[in-house]
Amino acid sequence: MSEERDWIISAREIGISLDKKAISLFERYAQMLEKTNQSLNLTRVPPEDYGTRHFLDSLLLLQFYSFDRQNRSVLDVGTGAGFPGLPLAIVTPQAQFTLMDATRKRLIFLDDVIAELGLQNVKTFHSRAEDAAQLKAHRQQYDLVTSRAVAPLERLIGWTLPFVRVGGVAVAYKGQLTDEEIAQAESILKSEKGSLLRVEETTLPATDAIRKFMFFGKI
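Rendered as structure tokens:
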């Protein structure tokens, strides 16, 4: 699709270059998402916009976070149809990704995509964030924890920060934020012994959508 090519050009313009293999994997991912979405309702984004509104949107984090070493562990909480975790896994094969969601049907779809794309650095995990955070195998075990779920910032912090190891970060993908939402998040930060490290802002190319990346760490 021409839009797919447009989003690849947009990615290159902001410093995110994709090789032929990655482009091929994204194209197959899009095909599988479009087909499965007819029965599972994984996304309300139309197929012609997958490239920009799902793939490129997921990859915007690469402007602000470097996967600079091997075997960096990443957890994507509330991954849904795989965003942002699976696009990030496609372009950073040196990192190890776990895609977590509470809905098994979504993970069955993702397992099919992972197998079809031949990705060796991704696995899925069926659980609610609240339950998984009590497991020693996951609590405070990850270098990077992401969430692009549509939820208040307070909830995103509660979902992600328990999984972050000391020295790691949780990143919440957000649009516009209100002062009230930020104020409400302060209490959960204190209870999780976390702190706001930085906020990065950018615009999703070819749109007027503002994207804010909230970086949180353990005190």
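So the sequence shown is residues 1 to 219, counted in this note's numbering.
Ideal Cβ positions, reconstructed from N, Cα and C, are used throughout, including at glycine.
The structure presented is a predicted model; accordingly, all values stated were derived computationally and were not measured.
{"query": "Could you give the distance in angstroms between the alpha-carbon of leucine 86 and the alpha-carbon of arginine 28?", "result": "13 Å"}
{"query": "Count the other CB atoms within 10 Å of the CB of glutamate 186; is the residue buried (16 or more) or exposed (fewer)?", "result": "exposed"}
{"query": "Which complete alpha helix (DSSP H) runs does the segment 93-130 hold, if anything under 4 residues is left out?", "result": "104-117"}
{"query": "Does the distance from the CB of leucine 56 to the CB of alanine 11 come in under 7 Å?", "result": "yes"}
{"query": "If you draw a straight line from the C-alpha of methionine 1 to the C-alpha of serine 73, how long is it?", "result": "Interpretation of methionine 1 is limited by its pLDDT of 47, a score under 50 that renders its predicted location unreliable; the figure taken from the coordinates is listed afterwards. Those two C-alpha atoms are separated by around 33 Å."}
{"query": "Helix, strand or coil, according to DSSP, for lysine 193 in the structure here?", "result": "coil"}
{"query": "Which same chain residues end up closer than 7 Å to leucine 161 when comparing Cβ atoms and leaving out the 5 residues on each side of it in sequence?", "result": "Ala170, Glu192, Gly194 and Phe216"}
{"query": "Among Gly158, Thr103, Gly118 and Ala102, which one has its Cα closest to the Cα of alanine 89?", "result": "Gly118"}
{"query": "Give the range of the beta strand (DSSP E) segment to which valine 164 is assigned.", "result": "164-174"}
{"query": "Which residues in the same chain have their Cβ closer than 8 Å to the Cβ of glutamine 120, if we skip the five residues on either side of it in sequence?", "result": "Pro93"}
{"query": "For leucine 135, name the three-state secondary structure that DSSP assigns.", "result": "coil"}
{"query": "How many angstroms separate the CA atom of tyrosine 50 from the CA atom of alanine 30?", "result": "7 Å"}
{"query": "May I have the straight-line CA-CA distance separating leucine 197 from glutamate 116, to the nearest angstrom?", "result": "37 Å"}
{"query": "Put leucine 144 into one of helix, strand or coil per three-state DSSP.", "result": "strand"}
{"query": "Taking all protein chains shown into account, decide if valine 166 is buried (16 or more other Cβ within 10 angstroms of its Cβ) or exposed.", "result": "exposed"}
{"query": "Quick one: is glutamine 134 buried, meaning 16 or more other Cβ sit within 10 Å of its Cβ, or exposed?", "result": "exposed"}
{"query": "Tell me whether aspartate 208 is buried or exposed, calling it buried when 16 or more other Cβ atoms sit within 10 Å of its Cβ.", "result": "exposed"}
{"query": "Might you give, ordered along the chain, the residues of its own chain that have their beta carbon closer than 7 Å to the beta carbon of isoleucine 293, omitting 5 neighbours on each side?", "result": "This structure leaves residue 293 out entirely; the chain is present only between 1 and 219."}
{"query": "Any idea which residues DSSP pairs threonine 43 with across the strands?", "result": "BP columns for threonine 43 are empty, so no partner."}
{"query": "The alpha helix (DSSP H) spanning arginine 155 covers which residue range?", "result": "153-160"}
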